[in-house]
Amino acid sequence: MKYMTERQQIVEFGKKLITEKLTTGTGGNISIFIREDNVMLISPSGIPYNETKPEDIVVLDLDGNVIEGTRKPSSEYHMHCIFYQKTDNVNSVVHTHSDYATAVACLLQDIEPLHYIIGSVGDKVRCCDYKTFGTQELADEAYRVMGDNNGILLGNHGVLAVGPNCADAFSVAKDIEFLAKLKIRAESIGTPVLLDEEQMKVVVEKFGTYGQQVEQEV
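Each residue of the sequence shown is one higher than the one before, starting from 1100 at the first, in the numbering used here.
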């Protein structure tokens, strides 16, 4: 069985969706793109995350055809494939149904820059229009609204986050839930004071160099 490292990553991050309260039941899905082989691995449909094993992970080509696996892939595979087809820097997609973010998505509202952590996502967290789950129409709308950002709200649905790897995409999904919680709580007290354009420019630049940066030896 190929891609054991990536299979295990999907299994482990799937469990974290539950333990970190980013979804309930079997909601949401996770995928990883193997760029050199032009295939994606995705969580199976309808299997609880705590029961998912590496062999349950499904390998697809970017047309949605099953290459390896006996399970039915997540119904949202269109929404994963489109980012692998149309970008050269996204290698993982994480979709969640976290409580606060989904509540904001049900209002079809964006999350404006009320806290600097939004820099991990982009200029703001945009919300796309509602489209039926598991359709190419939803995938097209999600890709259109995402733009150069790393995450969005899916109208009346949940969260979509992307990244160069599974850990980064998962982190963006967590940040969006945190920002949604802040929005709801802050707006229950008053009107949040937003970061201005110049402040956000600095934030986004700093996020580009945040963490352990490894310098190449010359």
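Glycine included, C-beta positions come from ideal geometry on N, C-alpha and C.
Item to complete: On the DSSP bridge assignment, give the partners of Ala1202 in chain order.
Response: Ala1202 pairs with nothing; no bridge assigned.
Worksheet item: Exposed or buried, Thr1118, counting other C-beta atoms within 10 Å across all chains shown (16 or more means buried)?
Response: Thr1118 comes out exposed.
Practice prompt. Report all residues from its chain with a CB closer than 7 Å to the CB of Cys1205; omit the five preceding and five following residues, and keep chain order.
Written response: Excluding residues up to 5 positions away in sequence, Asn1255 lie with their Cβ nearer than 7 Å to the Cβ of Cys1205 in the same chain.
Worksheet item: Do Gly1257 and His1196 come within 9 Å of each other at the CB atom, strictly closer than that value?
Response: Judged by beta-carbon spacing, Gly1257 lies within the 9 Å limit of His1196, meaning their Cβ atoms are closer than that value.
Item to complete: Give the C-beta separation of Cys1265 and Ile1131 to the nearest angstrom, bearing in mind that I take them to be a contact with Cβ-Cβ under 8 Å.
Response: Taking a contact as a CB-CB distance under 8 Å, the pair Cys1265 and Ile1131 counts as one, their CB atoms being some 6 Å apart.
Fill in: the region 1155-1168 in contact with the region 1241-1251 per 3-pair CB rule at 8 Å
At 8 Å Cβ cutoff, the stretches do not touch.
Item to complete: Can you grab the Cα-Cα spacing for the pair Ala1268 / Met1139, in whole Å?
Response: Roughly 15 Å separates the two Cα atoms.
Item to complete: Could you have a look at His1256 and say whether DSSP puts it in helix, strand or coil?
Response: Residue state, collapsed to three classes: coil.
Fill in: Between the CA atoms of Asn1128 and Ile1283 - distance to the nearest angstrom
Using only the alpha carbons, I get a separation of about 25 Å.
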